[in-house]
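Here is the structure we will look at.
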Amino acid sequence: MEVKGNMKNATEEQIVDGIVGICLNLNMYSEKVCRGVVTEAVPDFIHMFQNIRIDRENVCALFMIISRTGFVRFKVTYLKKYRKDPVADYEYCNIGDITKLEWSLTPPETPKPPVEVLPPRQPDAPTLKVLHISDFHWDPEYLSGSNAVCGDPLCCRASSGEPADESAVAGYWGDYRDCDLPLWTLRNSLEHVGATHPDIDFIVWTGDLPPHDVWETNETEHTNIIQDMTNLLVEFFPSTPVYGAIGNHESHPINA
Numbered sequence: 083m084e085v086k087g088n089m090k091n092a093t094e095e096q097i098v099d100g101i102v103g104i105c106l107n108l109n110m111y112s113e114k115v116c117r118g119v120v121t122e123a124v125p126d127f128i129h130m131f132q133n134i135r136i137d138r139e140n141v142c143a144l145f146m147i148i149s150r151t152g153f154v155r156f157k158v159t160y161l162k163k164y165r166k167d168p169v170a171d172y173e174y175c176n177i178g179d180i181t182k183l184e185w186s187l188t189p190p191e192t193p194k195p196p197v198e199v200l201p202p203r204q205p206d207a208p209t210l211k212v213l214h215i216s217d218f219h220w221d222p223e224y225l226s227g228s229n230a231v232c233g234d235p236l237c238c239r240a241s242s243g244e245p246a247d248e249s250a251v252a253g254y255w256g257d258y259r260d261c262d263l264p265l266w267t268l269r270n271s272l273e274h275v276g277a278t279h280p281d282i283d284f285i286v287w288t289g290d291l292p293p294h295d296v297w298e299t300n301e302t303e304h305t306n307i308i309q310d311m312t313n314l315l316v317e318f319f320p321s322t323p324v325y326g327a328i329g330n331h332e333s334h335p336i337n338a
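Residue numbering for the sequence shown is 83 to 338, as defined by the numbering used here.
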């Protein structure tokens, strides 16, 4: 794919089509997923491209480096097909000046405070029992018996298609493949912990509740999931203090 013209002057449609084209050419995901993710993040992409400090050749080189170092999980069939020399990233992208990719950070001159050596804990010192819960990623649309190998970032839904064979069928309590947690597994887990450990002093809740349907998220779904999780904590830990924080999946779009 060739991106023509100055990215700073590109229209919203050109930006969306350009990024979707990169996603498809690098065989990241399907058209549905690529376009959904990009469309959700249009305001962020527009800001990036209108304020970008590097040119298209530098962007090209960055994608080549990412694809070879494994920072992003996708199949690089496009690169293998069209590139004979996997090392010639800069030559392939017709890159010239790479100084725009170079930067440095000067730390402040203020020295670090001295390390405080704490005394060993006494055997009879009081203790606390803390429950840390995180990354439940529960899926309201999880469907037992659905397709767990659908090719999308998230499967095990009615929209995931029919399983190819018995090995692709999603389990009742969940599935270790590209699927998130069903509500009944989440409820069962919290109920078990609450009954087994009634003496928990406090709970640390560090977010990441919504499922990985990153191409079709919305604010209402995320808000409902957070509220439902709050209700479950009140139900199973009615007297336990909860200290919560949001994760990168609570926002819409994610990571925004």
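For glycine and all other residues, C-beta sits at the position ideal for the given N, C-alpha and C.
Provide the residue span of the alpha helix (DSSP H) that contains LEU213, from first to last. From DSSP, LEU213 is part of no alpha helix (DSSP H) but of the beta strand (DSSP E) over 212 to 215.
Between SER333 and HIS129, what straight-line distance do the alpha-carbon atoms span, to the nearest angstrom? 18 Å
Three CB pairs or more closer than 8 Å across the stretch 191 to 209 and the stretch 268 to 282: no
To the nearest angstrom, report how far apart ASP262 and TYR325 are at their CA atoms. 24 Å
Report the residue ranges of all alpha helix (DSSP H) runs contained in full by the stretch 241 to 327; include only those spanning at least 4 residues, in chain order. Scanning the stretch 241 to 327 from its first residue to its last, the whole alpha helix (DSSP H) runs of 4-plus residues come out as 265 to 278, 301 to 318.
Same chain, Cβ closer than 6 Å to CYS238, five either side skipped, listed in chain order: Within the same chain, CYS238 has close Cβ partners TYR224, SER228, ALA230, ALA252, ASP257, CYS261.
Tell me the DSSP secondary structure of ASN133 in three-state form. coil
What residues in its chain sit with their C-beta under 7 Å from that of GLU95, if we drop five residues either side in the sequence? none
DSSP has TYR224 in a bridge; who is on the other side? ARG239
Is it buried or exposed, SER249, if we count other Cβ atoms within 10 angstroms and call 16 or more buried? exposed
Residue nearest to ILE134 in terms of C-alpha spacing, selected from ILE308, TYR111, VAL199, ILE97: Minimum Cα-Cα distance from ILE134 among the listed residues ILE308, TYR111, VAL199, ILE97 corresponds to ILE97.
In or out: GLY233 buried (at least 16 other Cβ within 10 Å) or exposed? exposed
Supposed close pair LEU265, TRP220 - CB separation, criterion 8 Å: 6 Å
For ALA240, the nearest candidate out of TRP297, PRO222, VAL286 (CA to CA): PRO222
Just the C-alpha distance for ASN118 and THR267, rounded to the nearest angstrom, thanks. For the record, residue 118 in the displayed sequence is Gly; it is not Asn. Approximately 28 Å, taken between the alpha carbons.
Rounding to the nearest angstrom, what Cα-Cα distance links PHE284 and GLU298 in this structure? 34 Å
With distances taken Cα to Cα, identify the nearest neighbour of THR312 among GLU191, LEU291, LEU106, ALA246. LEU291
Throw me the rounded Cβ distance for the PHE131 and VAL120 pair, which I believe falls under 8 Å. With 8 Å as the limit, PHE131 and VAL120 do not qualify as a contact, their Cβ atoms being about 12 Å apart.
If I'm right that PRO293 touches LEU236 with Cβ under 8 Å, what's the distance once you round it to whole angstroms? Between PRO293 and LEU236, the beta carbon gap of about 6 Å places them in contact (Cβ cut-off 8 Å).
Secondary structure of ASN91, DSSP reduced to three states: helix
So, with DSSP's three-state summary, where would you put ASN109? coil
So the candidates are VAL316, LEU314, ASP217; which of them puts its Cα closest to the Cα of ASN330? ASP217
Assuming contact is defined by CB atoms lying nearer than 7 Å, are CYS116 and LEU108 in contact in what I supplied? no
Please go through the same chain and pick out, in chain order, the residues whose beta-carbon is closer than 8 Å to the beta-carbon of ALA246, but skip the five residues on each side of it. Same-chain partners within the cutoff: ASN229, VAL231.
Buried or exposed: which applies to TYR254, given that a residue is buried once 16 or more other Cβ atoms fall within 10 Å of its Cβ? It is exposed - the Cβ of TYR254 has fewer than 16 other Cβ atoms within 10 Å.
Please state whether DSSP places VAL102 in a helix, a strand or coil. Secondary structure of VAL102 (DSSP, three-state): helix.
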